[in-house]
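J.:
There are 2 protein chains.
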Amino acid sequence: MGYMPYKMDGRRLMLLCDGSFDSHNAKTATGPLKWCPQDVVAVIDSQTAGRDPADIVGFGHGVPIVATLDEAIALGGNQLVIGVANIGGVLPPKFRPVIVEALTRGCDVACGLHEILSEDPQLAALARKHGATIYDLRLVPDVPCATNQARKLPNKRILAVGTDCNVGKMFTTLALTEEFKQRGLDAVFAATGQTGILISGYGYAIDRAISDFAAGIAERLMLDTAAHEYVFVEGQGSIDHPSYSGVTLSLLHGTAPQAMVLCHVHSRSGRRHDEGSPLMPLDELRSLYETMAKPILPAKVVGVSVVTRGLSEADARKELAGIEDKLGLPATDPVRFGVQNVADAVQAFFKK
Amino acid sequence: MGYMPYKMDGRRLMLLCDGSFDSHNAKTATGPLKWCPQDVVAVIDSQTAGRDPADIVGFGHGVPIVATLDEAIALGGNQLVIGVANIGGVLPPKFRPVIVEALTRGCDVACGLHEILSEDPQLAALARKHGATIYDLRLVPDVPCATNQARKLPNKRILAVGTDCNVGKMFTTLALTEEFKQRGLDAVFAATGQTGILISGYGYAIDRAISDFAAGIAERLMLDTAAHEYVFVEGQGSIDHPSYSGVTLSLLHGTAPQAMVLCHVHSRSGRRHDEGSPLMPLDELRSLYETMAKPILPAKVVGVSVVTRGLSEADARKELAGIEDKLGLPATDPVRFGVQNVADAVQAFFKK
Numbered sequence: 060m061g062y063m064p065y066k067m068d069g070r071r072l073m074l075l076c077d078g079s080f081d082s083h084n085a086k087t088a089t090g091p092l093k094w095c096p097q098d099v100v101a102v103i104d105s106q107t108a109g110r111d112p113a114d115i116v117g118f119g120h121g122v123p124i125v126a127t128l129d130e131a132i133a134l135g136g137n138q139l140v141i142g143v144a145n146i147g148g149v150l151p152p153k154f155r156p157v158i159v160e161a162l163t164r165g166c167d168v169a170c171g172l173h174e175i176l177s178e179d180p181q182l183a184a185l186a187r188k189h190g191a192t193i194y195d196l197r198l199v200p201d202v203p204c205a206t207n208q209a210r211k212l213p214n215k216r217i218l219a220v221g222t223d224c225n226v227g228k229m230f231t232t233l234a235l236t237e238e239f240k241q242r243g244l245d246a247v248f249a250a251t252g253q254t255g256i257l258i259s260g261y262g263y264a265i266d267r268a269i270s271d272f273a274a275g276i277a278e279r280l281m282l283d284t285a286a287h288e289y290v291f292v293e294g295q296g297s298i299d300h301p302s303y304s305g306v307t308l309s310l311l312h313g314t315a316p317q318a319m320v321l322c323h324v325h326s327r328s329g330r331r332h333d334e335g336s337p338l339m340p341l342d343e344l345r346s347l348y349e350t351m352a353k354p355i356l357p358a359k360v361v362g363v364s365v366v367t368r369g370l371s372e373a374d375a376r377k378e379l380a381g382i383e384d385k386l387g388l389p390a391t392d393p394v395r396f397g398v399q400n401v402a403d404a405v406q407a408f409f410k411k
Numbered sequence: 060m061g062y063m064p065y066k067m068d069g070r071r072l073m074l075l076c077d078g079s080f081d082s083h084n085a086k087t088a089t090g091p092l093k094w095c096p097q098d099v100v101a102v103i104d105s106q107t108a109g110r111d112p113a114d115i116v117g118f119g120h121g122v123p124i125v126a127t128l129d130e131a132i133a134l135g136g137n138q139l140v141i142g143v144a145n146i147g148g149v150l151p152p153k154f155r156p157v158i159v160e161a162l163t164r165g166c167d168v169a170c171g172l173h174e175i176l177s178e179d180p181q182l183a184a185l186a187r188k189h190g191a192t193i194y195d196l197r198l199v200p201d202v203p204c205a206t207n208q209a210r211k212l213p214n215k216r217i218l219a220v221g222t223d224c225n226v227g228k229m230f231t232t233l234a235l236t237e238e239f240k241q242r243g244l245d246a247v248f249a250a251t252g253q254t255g256i257l258i259s260g261y262g263y264a265i266d267r268a269i270s271d272f273a274a275g276i277a278e279r280l281m282l283d284t285a286a287h288e289y290v291f292v293e294g295q296g297s298i299d300h301p302s303y304s305g306v307t308l309s310l311l312h313g314t315a316p317q318a319m320v321l322c323h324v325h326s327r328s329g330r331r332h333d334e335g336s337p338l339m340p341l342d343e344l345r346s347l348y349e350t351m352a353k354p355i356l357p358a359k360v361v362g363v364s365v366v367t368r369g370l371s372e373a374d375a376r377k378e379l380a381g382i383e384d385k386l387g388l389p390a391t392d393p394v395r396f397g398v399q400n401v402a403d404a405v406q407a408f409f410k411k
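Protein chains in written order, with our numbering: chain A, 60 to 411; chain B, 60 to 411.
1) Pick out whichever of Ala273/B, Ala315/B and Ser326/B has its Cα sitting closest to the Cα of Ser371/B.
2) Within 7 Å of any Cβ in chain A, is that where the Cβ of Asn225/B sits?
3) What residues from the stretch 137-156 of chain B come within 9 Å of chain A, judged by C-beta to C-beta, listed N to C?
4) Identify the contact partners of Thr350/B in chain A, using a Cβ-Cβ distance below 8 Å as the criterion.
5) So that I know if they touch, is there some Cβ in chain A lying closer than 7 Å to that of Pro301/B?
6) Quick check: is the beta carbon of Cys204/A nearer than 7 Å to any beta carbon in chain B?
7) Compute the Euclidean distance between the alpha carbons of Ser302/B and Thr314/A, then round it to the nearest angstrom.
8) Could you name the residues of the same chain whose beta carbon sits closer than 7 Å to that of Ile146/A, not counting the 5 residues immediately before and after it, in chain order?
9) Please tell me whether Ala277/B and Leu321/B are closer than 7 Å, where the distance is taken between their beta carbons.
10) Along the chain, where does the beta strand (DSSP E) containing Leu139/A start, and where does it finish?
11) How far does the alpha helix (DSSP H) with Phe230/B in it reach, from first residue to last?
12) Using Cβ-Cβ distances below 9 Å, what residues of the stretch 163-192 of chain A are close to chain B?
13) Any idea if His120/B is buried or exposed, counting beta-carbon neighbours within 10 angstroms, 16 or more meaning buried?
14) Using a Cβ-Cβ cut-off of 7 Å, state whether Val306/A counts as contacting chain B.
15) Check whether chain B comes within 7 Å of Pro213/A, counting only Cβ atoms and requiring the distance to be less than that.
16) So, using beta-carbon positions, are Tyr194/A and Ala169/A closer together than 7 Å?
17) Taking only beta-carbon positions, decide if Asn400/A is within less than 7 Å of chain B.
18) Quick one: what's Pro429/B bridged to in DSSP?
19) Please determine, among Val199/A, Ala234/A, Pro123/A and Thr307/A, the residue with the shortest C-alpha to C-alpha distance to Arg395/A.
20) Ile115/B and Met417/B - do their beta-carbons sit closer together than 7 Å?
21) How long is the line joining the alpha carbons of Ala101/B and Gly109/B, rounded to whole angstroms?
22) Mind checking which residues open and close the beta strand (DSSP E) that includes Ser364/A?
23) Using the beta-carbon of each residue, which ones in chain B are nearer than 8 Å to Ala268/A?
24) Measure from the alpha carbon of His287/B to the alpha carbon of each residue in Thr254/B, Ser259/B, Val247/B and Leu280/B, then state which is nearest.
25) Leaving out five residues on either side along the sequence, give the residues of the same chain with a beta carbon under 6 Å from the beta carbon of His323/A.
26) Expressed to the nearest angstrom, what Euclidean distance is found between the alpha-carbon atoms of Gly294/A and Ala131/B?
27) Got a sec? Which residues, its chain only, sit under 8 Å from Asp98/A by beta carbon, not counting five neighbours each side?
28) Let me know if Thr87/A comes out buried or exposed under the rule of 16 or more other beta-carbons within 10 Å of its beta-carbon.
29) If the cut is a Cβ gap below 7 Å, which residues of chain A does Pro354/B touch?
30) Among Trp94/A, Leu150/A, Tyr62/A and Pro64/A, which one has its Cα closest to the Cα of Cys58/A?
31) I want to verify the contact list: residues of chain B whose CB lies under 8 Å from the CB of Asn412/A, in sequence order.
32) Along the chain, where does the beta strand (DSSP E) that runs through His189/A open and close?
33) At the level of alpha carbons, what is the spacing between Trp94/A and Val398/A?
34) Given Ala250/A, which residues of its chain have a CB within under 6 Å of its CB, disregarding the five upstream and five downstream residues?
35) Which runs of the alpha helix (DSSP H) at least 4 residues long sit entirely within the stretch 232-301 of chain B? Give them in chain order.
36) Taking DSSP as the reference, what is the three-state secondary structure of Pro96/A?
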C-alpha cells in the first residue's frame, strides 16, 4: 500500500479516545475539536460520555461525547479517527474491535500511529470488501535525501521550536497562520505530524521518515508550499530531547526557516518521556536553536508561546511579562491571549 | 522478512563494484579489503580487472580483481557483497543480473543499500529455491523510542564525529579499537553503518531507522555493548550537514559518549552531497559537537583524525602540526601514521 495523501472532502469525524480523552495522549482528538469542529460528529469515550468536551480539554463545546461507535455512526459519522498518540505509536488492543466494526460498516479510518493499519491483512481486507479507506497519516512518501534547497527559496519560513514535546508547537503555528490570513496575508500551515495533517489535510509526519530521508521530507514540504509568502511550519520534539532531537534537527535543517517561535509550558520543569530530566532555560535553548540553524541559514527566535494553563489570568500575565523581560521578545499564551503580539513580531522581523 | 542479524561464519566474499571500484562510492568494498582481507576472495570490476587493489584504493594488496562473478566463484567465493554505497541507496540496475546469477548458484548476498533485496519477490524466491541467504545490512530491528539510558552506563564511550560525510570516521574507530586491544584493553567497535557491520559482524545502520527511533537504535547499540570497558562508536554524517544532521544528532544523544574524536579530510573545503557548501572550521565544529552533547552528557573532543591523502609526508606532518597547534589536541592521519597519539589522549582523558 504505502503512502497515500489524506483527503478531507465529505468527512464526518468520530474521534476514538476510549479511556484516554482526559489525558495528554488525546492530542489527535483535541486538535480537530479546536481547529475543525465543524467536521467532528462525536467523541467516542465511555468514561466521559454525556459530558461536554470543552469542560474536559477546553475545546469542542457542544460536540457530543458518546460511549459507542454505534451512537457515533447514528449521528452521521463516516470516518473513525484514532484519537490517541502514545509513545512508540502502538495501537491500544481495545481499539481494534472498534476499527473492525467501523470498516465493516463502511466507515473510513484515519490513524496517526506508527502501527500501519493498511498493512494489517485483516483490516486491509475488510476495507477492500466494504469500500472503506484506511488513511495511515504517519506514512510518508519516498523522497530523495535533502539537497539543501529550502534555504534558497525566496519566501518567509517560520518554524515552531520547543523546550520539550507537547508544548503547543502545532497550536501556535495554526494560530499564527489564521492570524496572518485574517490580516490579508498569504500564509499557509505546513503540518509535520499526524494531527496537523488531520486538521489541515496536508503535510508529512517527519518522525516516520527513515532518518536518512527526514531532512528530505522537510525539504519536500517547503518545496510544496513555496508559492506562499509565509509558511508556518509545525515543529517537532526539541533539540535537546534525548529521544527526538534528531527529528527536530532534521526539520530545522530541512526547512531552513529565517524565524522561529519558541514554545514552552510554564509548569513543565522536566522533559516528557525522559524520567523528568530538567528542561534547559529558555534563553539557553533560544541560543542553541539559533546556533544550530546558522550552518544552513541564520535564523532568529522572534517570539515565545507559553501554555499557562493552571495559572490565574493575573499570574499568567506576570509569567509572560517575566519571559518578555528576560528574553527581550514578545510572549503570549495563544489559547488565552491570542497571538497578535507574536504575529506582529514575525511581520516586523521580515520587514527589516 | 525484516531485520536479520548478519552472520560471518564461513563467508568467502566477492566484492561487486562493477564500474565504481576507483570511486568514492566503493566504501563497502574498500572497508573489507582493509579490515578483513582474509575473508575476501575477489573484487569484481571489469574496468580494473587484473590490477592490484592496493594500487587503486590503497588496500587489499594481492586480492585478485576479476571481471566476472563466474571467475570469483571459481576462486571459492560464496557471498556476493554489493560494494557500493551511493546517495539514496538505490541498486544500480546493472548489478541485478549479477545478483540473480549469484543466488541461482547458491551464493549468499550481502547488501547495504536502502533498496531491500530480501523484499524483492524475484530475489527472495530465488534465495529460497537455492538455499541462499540475503543479508540486508541496512535493515534495523524494531526498538522502542530512546529512554536516555546510555548516559548512565558506567563504561567509556568514544564517538567519531566529523566535518562531513566520508571523512574516515569508521576507519578511525576501527583503528582505535585495534590499538586498544593491542594495549590489552577491553575495547569493542560499535558499527552504525552497513560497511562497519560487514567488517565486524555486528551493529545497526542508524540512518535506516525511522527517525522517531533513531536515538533508540543508538541506545540499543550501547546497551548491547555495555559489558565492554571501551566502546568505540562509528560516527555518521556531520552535525551541520543539511541532509544527515538528524542522524548525527540522534547518534550523539542516543550513545551519550564522554569523548569524541573529530574526523576531517584535509583537502575537503566543501560538503559532499551539498553543491560544495563550505565546511565549518575545525574549532567551531568542535565547539558545536560539545555544545550539542552537553544537554545529555557533557563530552569532549580529545583528538583529531585527518585524511591527508594527496600531501607529501612532510606536508602531511605540517598539516597535522598546524591542527594540533590550533586546537590544542593530538592529530593524526590513521592510515599513514597510526592512531597511537589519539589513543593515548583517549586513555589520558578517562584517567582524569
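Cβ atoms here follow ideal geometry from the backbone N, Cα and C, with glycine treated the same way.
T.: Quick look at the numbers:
1) Ser326/B
2) no
3) Ile146, Gly147 and Gly148
4) Leu347 and Thr350
5) yes
6) yes
7) 11 Å
8) His332
9) no
10) Gln138 to Ile141
11) In this chain, the alpha helix (DSSP H) harbouring Phe230/B covers Lys228 to Gln241.
12) Those residues of the stretch 163-192 of chain A that come within reach of chain B (Cβ to Cβ, closer than 9 Å) are His173.
13) His120/B comes out exposed.
14) Any Cβ of chain B closer than 7 Å to the Cβ of Val306/A would place that residue at the interface, and such an atom is present.
15) Not an interface residue.
16) yes
17) Chain B contact via Cβ: absent.
18) Nothing in the structure corresponds to residue 429/B, since chain B is present only between 60 and 411.
19) Minimum Cα-Cα distance from Arg395/A among the listed residues Val199/A, Ala234/A, Pro123/A and Thr307/A corresponds to Ala234/A.
20) Since the displayed chain B opens at 60 and closes at 411, residue 417/B lies outside it and no answer follows.
21) Roughly 11 Å separates the two Cα atoms.
22) Lys359 to Val366
23) Ile269 and Ser270
24) Val247/B
25) Thr222, Val226 and Val365
26) 52 Å
27) Result list for Asp98/A: Met67, Arg70, Arg71, Leu72 and Pro91, in chain order.
28) buried
29) Asp299 and Met339
30) Here chain A has residues from 60 to 411 only, and residue 58/A is not among them.
31) Coverage of chain A is limited to positions 60 through 411, which leaves residue 412/A absent and any answer about it impossible.
32) Premise fails: His189/A lies in the alpha helix (DSSP H), Pro180 to His189, not in any beta strand (DSSP E).
33) 15 Å
34) Ile256, Ser259, Gly262 and Glu293
35) 253-259 and 273-283
36) helix
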